[in-house]
Amino acid sequence: MVTMLEVRDLRVRYGAIEAVRGIDLTLRQGELVALVGSNGAGKSTLLKALAGILRPVSGSIVFDGEEIAKFPAHRVASRGIVLVPEGRRLFADQTVLDNLLLGAYRRRNAYRQARPHDRVEEHLDRFPVLRERRDRPAGTLSGGQQQMLAISRGLMAQPRLLLLDEPSLGLAPLLVRQIFDTIDELRRRGMTILLVEQMAKLALRRITRLRTAGADTCVAEQTLLALEANLKRLQKHRDWLQGDDSVVDQTG
Ligand code: ATP
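For any residue, its number in my numbering is found by taking its place in the sequence shown, counting from 1, and adding 20.
In structure tokens form, the structure reads like this:
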């Protein structure tokens with residue numbers, strides 16, 4: 021598989037707080053990699069740095085052979101990296117339709133190439149509940165509907181690499197299922213996805229690899245080995261892994 025993203029010794033700070041301490045990460049085209057780690061391990065910070073929202077203090081981010089660590093967010097987006105952030109960050113006063121169309125502007129080349137209104141239809145077909153509410157302000161949607169809109173808005177930018185930060189957070193089990201069905205569909209279409217997700221059971225079943233966001237590279241690698249061993253054991257429990265999702269718990 022072709023390497024799409026190569027992160028080396030990346031460090032990101034908030035003033036005195038070093039939130040990402042020298043992480044390495046490789047993503048190959050078409051992979052779904054889950055990024056796991058305890059609260060405050062720096063997962064969201066890493067995704068924001070990959071999306072160009074935070075500027076790393078040092079380290080390298082190579083995407084499709086190009087160094088992008090110092091690119092501002094709009095240039096990163098133009099290369100096809102799109103973040104669906106934790107907490108959705110929609111324009112609450114704007115309609116569902118306008119939020120979708122604004123997603124297309126994130127990647128200007130894509131906006132020029134393909135007619136955004138046609139792509140809106142595709143997303144409204146995927147989540148019919150959004151079609152019913154297309155002229156309502158995004159702030160009036162339920163949490164699950166907002167998550168559908170946030171993902172759809174991200175997809176409007178036609179990402180090559182989709183960064184999903186806790187897409188199931190706070191959602192009812194049925195909606196979680198719908199979000200994961202969408203992730204499955206995107207994978208079938210060959211999209212590369214980096215996923216931060218606390219729904220371990222649903223995430224583990226789908227991933228091609230697991231990656232930890234740890235205090236430093238050394239600790240992260242050790243943790244990764246432990247997690248991989250656990251993952252192998254988990255995969256033996258096929259009944260559990262392939263079982264009924266009607267009861268979705270927080271710990272997996
Ligand atoms: P969680 O699972 O709780 O979302 P996380 O792994 O995503 O955690 P981050 O949100 O990236 O972790 O936070 C990493 C560290 O950076 C934490 O110590 C957090 O308190 C700190 N941090 C995050 N955002 C800011 C900010 N805007 N200003 C200062 N410190 C921050």
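Even glycine gets a Cβ: it sits at the ideal position worked out from N, Cα and C. Computed from a prediction, not measured in an experiment: that's the story for all the values here.
In this structure, DSSP gives V140 a helical state, which the three-state scheme calls helix.
For I171, the closest C-alpha among the options I43, T202, E217 is that of T202. V77 is classed as exposed because its beta carbon has fewer than 16 other beta carbons within 10 Å across all chains shown.
In this structure, DSSP gives A170 a helical state, which the three-state scheme calls helix.
Restricting attention to beta strand (DSSP E) runs no shorter than 3 residues, the stretch 77–121 encloses them at 78–83, 101–104, ordered along the chain.
When beta bridges are read from the DSSP output, L182 appears opposite V102, I213. For R207, the enclosing alpha helix (DSSP H) begins and ends at 193–208. Residue burial is scored here from C-beta neighbours: I81 has at least 16 other C-beta atoms within 10 angstroms and is therefore classed as buried. Burial check for H143: the Cβ neighbour count within 10 Å reaches 16 or more, so the residue is buried. Residue pairing by DSSP places P187 in no beta bridge whatsoever.
DSSP places V149 in the helix class (H, G or I) of the three-state scheme. Linking S98 to E26 through their CA atoms gives a straight-line distance of about 18 Å.
Three or more Cβ pairs closer than 8 Å define a contact, and the stretch 177–187 falls short of that threshold against the stretch 155–164. Per DSSP, A54 is one residue of the beta strand (DSSP E) stretching across 52–56. Contact between L103 and A71 holds, with the beta-carbon distance rounding to 4 Å and staying under 8 Å. Those residues that have a beta carbon less than 5 Å away from any non-hydrogen atom of the ligand ATP are, in order along the chain, Y34, I37, A39, N59, G60, A61, G62, K63, S64, T65. Annotation for D113: P157 place their beta carbon closer than 6 Å to its own, counting only its chain and skipping 5 residues before and after. For A39, the enclosing beta strand (DSSP E) stretches over residues 37–48. In the three-state reduction of the DSSP assignment, L161 falls in the coil class, being assigned neither a helical nor a strand state.
The alpha-carbon of Q167 is positioned some 30 Å away from that of V22. The C-alpha of A124 lies about 31 Å from the C-alpha of I43. Taking a C-beta distance under 8 Å as the contact criterion, L169 and V116 qualify as a contact pair.
For L74, there is no enclosing beta strand (DSSP E), as DSSP marks it with neither H nor E.
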